[in-house]
Amino acid sequence: MQLFDWIVLIVTLLFIVGYGSWKTRGSKNVEDFILGNNETPWYTVGLSVMATQASAITFLSTPGQAYHDGMGFVQFYFGLPIAMIVICLTFIPLYHKSKVFTAYEFLERRFDVKTRSLAAILFLVQRGLGTGLTIYAPAIILSALLGWNLTIMNIIIGVMVIIYTFSGGTKAVNVTQKQQMFVIMSGMFITFFLILHYLPNDMTFNSALHIAGANDKMNIVDFSFDPEEKYTFWSGITGGFFLALAYFGTDQSQVGRYLSGKSVRESQMGLIMNGLLKVPMQFFILLTGVMVFVFFQFNPVPLNFNPNNKIAIEKSPYKQEYHVLEEKLVKLSEDKKVINLLYIDQLNQDYDNPILRKELVALSNKEKDLRDKAKEIISRADSNSETNDKDYVFFHFILHYLPKGLIGLLLAVILSAAMSSTASGLTALASTTAIDIYKRNQKEEKSEKHYLHVTKFFTLFWGVIAILFACVGTLFENLIQLVNIIGSIFYGTVLGIFLVAFYTKKVQAKPMFISAIISQLTIFVIYYFMIYSQEKLGYLWLNFIGAILTIVLALLLQFLFFRGKSDDNELILE
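In our numbering, the protein residues as written are 47 to 620.
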């Protein structure tokens, strides 16, 4: 980090926080604070929806995911465009017609207050954890790579978000996310083209893709039916569809983005924009990770990208054993460079040499074996260390190979992404707590000013909770997977409740509430025994199982035990 990097980083972040606070200061009432007075145009809705999902975890973990496992993760998003269409046709018109502040407010009108409260609480639990992670993810990696104090990093990120979110609510989130998306995508495009520039002079982009393909990094679509595979076409188009439907259709952090739209049409156009751009954006970020992999075929690479592990090794009796592996990796890297250059030369002559391709695969397998042995040594040196280094790959490249100024810009990208998703999380947590829990249980009438102050208080409250969670969090395999696992555990049940609410008229409140409780408990059991303990099931399937189980149980309970009984609270859906 040079002086110019610090200037770029600080100026970018201060501008975003200052502009957001100034532009949206002085909310007059709770509708202004939560819904932004329904003045948001469609393109701002679209950018805000994209920025909310594109957390720092996306830009830290996704390239590392591609570096290690290739492009297959993009299948996770295959169901998203279909989900956008369903939400536009069903969810948005009903939300706008009901004039609700939160998604869960709709459930009381359709069912009862218990069902509304259950869905709100499930949301608060998973989004509270998720918001803490959006702060913790960049903080732990920045602190490790730059030597900054982790707790201070958590506090800095959290406080910056609280300042403008507390000041302007949804308007502030929408306004700042436009700037944040500009910073994020500018930084990623510049980095991508710099990587290509750093590759050997006689190497074309097509040659780079061939090298990536030879190392199994370009296997984009997997049509296998193996339930243990995390990412396949089928899990993406089903589990990914249900996850996207739940996240964009029932998670208040996203629902709040398009409830602020000027009209139903503006909200729908914003979501369609997201559906059209999200998969290409994720493909591009993954491709950037693959290009980082190709870059390291010609440049020195560490045995483990997490610098904390190197420190732990140097203080342990295993450092000599680790150094032997490092020397082997240096020799292996030299061999890889030679073979790759020969392979490029053959490709330039329009000949994909199968012998050289096999040699590349063999060298990659040897490198993987060295890395696995290194992880074993790291675990022996410190049993609490995180040997999985996917989240550190991209940042290692940024710090060691980008020119002055761009390091600061990429840091700004990561922190901007953290701030955008954290801000959406805080406004959603605050509005859900204030409207669905606090206001719903007030027996006396209170003024609009009172609920505005309460919502602001809960913004501050959840901001502090998120910071505290970030300060005590622990790194878990790959952060982007952890966020999606947490969501998958809870989203299926909540989505099932909403689908019953939207598409059936006969299911009443009691069978709905009972089925939701049973479904959520069942998902906890399935996750523990089938995923956490044995990894017999890809976590994306939890969204599909939870939603279907909730719907089927609700219909069965209604038919078997509540048929013919009247419901005290019934919303007529046209």
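All residues carry an ideal CB built from backbone N, CA and C; glycine is no exception.
- DSSP places Thr86 in the strand class (E or B) of the three-state scheme.
- Residue range 279-296 is occupied by the alpha helix (DSSP H) that includes Thr284.
- In this structure, Ala464 keeps its C-beta atom at 8 Å or more from the C-beta atom of Leu59.
- Bridge partners of Gly307 according to DSSP: Thr86.
- Judged by their CB atoms, Ala593 and Leu541 are nearer to each other than the 8 Å cut-off.
- A residue is called buried once 16 or more other Cβ atoms fall within 10 Å of its Cβ, and Thr250, having fewer, is exposed.
- Annotated as distal: Asn386 and Ile241, with beta-carbon spacing of 8 Å or more.
- For Thr468, the enclosing alpha helix (DSSP H) begins and ends at 452-477.
- Close CB contacts of Ala166 within its chain, under the 7 Å cut and outside five residues either way in sequence, are with Tyr150, Thr478, Asp482, Ile483 (chain order).
- Here Phe575 carries a helix assignment [DSSP, helix/strand/coil].
- The three-state secondary structure of Ser362, taken from DSSP, is coil.
- When the five nearest sequence neighbours on each side are left out, the beta carbons in the same chain lying within less than 8 Å of the beta carbon of Asn265 are those of Gly116, Met117, Gly118, in order along the chain.
- Following the DSSP letters along the chain, one finds Phe590 inside the alpha helix (DSSP H) bounded by residues 587-607.
- Runs of alpha helix (DSSP H) with 4 or more residues, each lying fully within the region 97-154, are found at 102-115, 126-132, 138-144, listed in chain order.
- Segment contact: the region 125-136 against the region 317-327, three or more CB-CB distances shorter than 8 Å; contact assigned.
- For Ala260, the uninterrupted alpha helix (DSSP H) run begins and ends at 251-260, by DSSP.
- At the C-beta level, Phe152 and Lys263 stay beyond 8 Å of one another.
- Comparing C-alpha distances from Val546 to each of Gln392, Lys377, Ala600 shows the shortest one belongs to Ala600.
- Of the candidates Ser579, Phe608, Leu603, Phe570, Phe570 places its Cα closest to the Cα of Leu168.
- Contact annotation: Thr148 and Leu472 have beta-carbon atoms that are not nearer than 8 Å.
- Secondary structure note for Phe344: it is in no alpha helix (DSSP H), with a DSSP letter that is neither H nor E.
- Selection Pro326, Leu595, Ser470, Glu432 evaluated against Val120 yields Pro326 as nearest (Cα-Cα).
- Rounded to whole angstroms, Leu606 and Tyr585 show a C-alpha spacing of 32 Å.
- When secondary structure is reduced to three states using DSSP, Trp194 falls in the coil class, being assigned neither helix nor strand.
- For Asn411, the secondary structure class from DSSP, reduced to helix, strand or coil, is helix.
- Here Lys582 carries a coil assignment [DSSP, helix/strand/coil].
- Exposure of Gln580 is indicated by the presence of fewer than 16 other C-beta atoms within 10 angstroms of its C-beta.
- Take the alpha-carbon of Tyr244 and the one of Phe341: they are about 7 Å apart.
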